[in-house]
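S.K.: The structure is given below, and queries will be raised subsequently.
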Amino acid sequence: MSFFQGKILLNFIIDLLNKPAINWSNFELNSSLQLNDFVDLLLEPLNTSQYSYNIKLGLHEALINAVTHGNKLDPNKSIRVRRIITPNWCVWQIQDQGNGLEIKKRLYKLPKKFTSFNGRGLYIINECFDDIRWSNKGNRLQLALKR
Numbered sequence: 001m002s003f004f005q006g007k008i009l010l011n012f013i014i015d016l017l018n019k020p021a022i023n024w025s026n027f028e029l030n031s032s033l034q035l036n037d038f039v040d041l042l043l044e045p046l047n048t049s050q051y052s053y054n055i056k057l058g059l060h061e062a063l064i065n066a067v068t069h070g071n072k073l074d075p076n077k078s079i080r081v082r083r084i085i086t087p088n089w090c091v092w093q094i095q096d097q098g099n100g101l102e103i104k105k106r107l108y109k110l111p112k113k114f115t116s117f118n119g120r121g122l123y124i125i126n127e128c129f130d131d132i133r134w135s136n137k138g139n140r141l142q143l144a145l146k147r
């Protein structure tokens, strides 16, 4: 190895060491409504005192939707969650094994009937995160929070 190549390699290693770390984690959960401990696990590496109850509520709502509407409460199905933490963002991707939510049903509005049992979840999720994105199929939801 020439001096020039060694210097490039050394600079590359120094650059890697000086870049902020990106933390990726993957989780799989059986389709169940026992979610409180799982939500705590998803928030574990973060300073939770820095994040409000809203983030916990938003994650819980997204997981409930994946279990009930995506997987139709089928205990043989699972939910896959990917957590990505960067210096500027916290991102959670929640994917169920369902057919996906149609674009026209991805509304972030409260239901018209106050007494309705359903329809508040997407509104709550939208209020809790800075950025929300759907996969084309509609069975994966990406929730992002600016740090």
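Heads up: the sequence shown begins at 1 in the UniProt record's numbering, then just goes up one per residue.
By construction, the Cβ of each residue, glycine as well, lies at the ideal position given by its N, Cα and C atoms.
In this text, all values refer to a predicted model and were calculated from it rather than measured experimentally.
#1: Whole angstroms is fine: what's the gap from Lys104's alpha carbon to Asn76's?
#2: From this set, Phe38, Asn88 and Lys137, which residue's C-alpha is nearest Asp131's C-alpha?
#3: Using the Cα positions of Val91 and Ala66, report the straight-line distance between them to the nearest angstrom.
#4: Taking all protein chains shown into account, decide if Asp96 is buried (16 or more other Cβ within 10 angstroms of its Cβ) or exposed.
#5: Using the C-alpha atoms, what's the distance from Leu122 back to Asn139?
#6: In this structure, does DSSP put Glu44 in helix, strand or coil?
#7: Taking the beta strand (DSSP E) that Leu59 falls in, what are its first and last residues?
#8: Around the C-beta of Arg120, are 16 or more other C-beta atoms found within 10 angstroms, so that it is buried, or is it exposed?
#9: Suppose you measure from the CA of Leu46 to the CA of Thr68; what does that come to, to the nearest Å?
M.R.: Let me lay it out:
#1: 28 Å
#2: Asn88
#3: 17 Å
#4: buried
#5: 14 Å
#6: coil
#7: Premise fails: Leu59 lies in the alpha helix (DSSP H), Tyr53 to Asn65, not in any beta strand (DSSP E).
#8: exposed
#9: 27 Å
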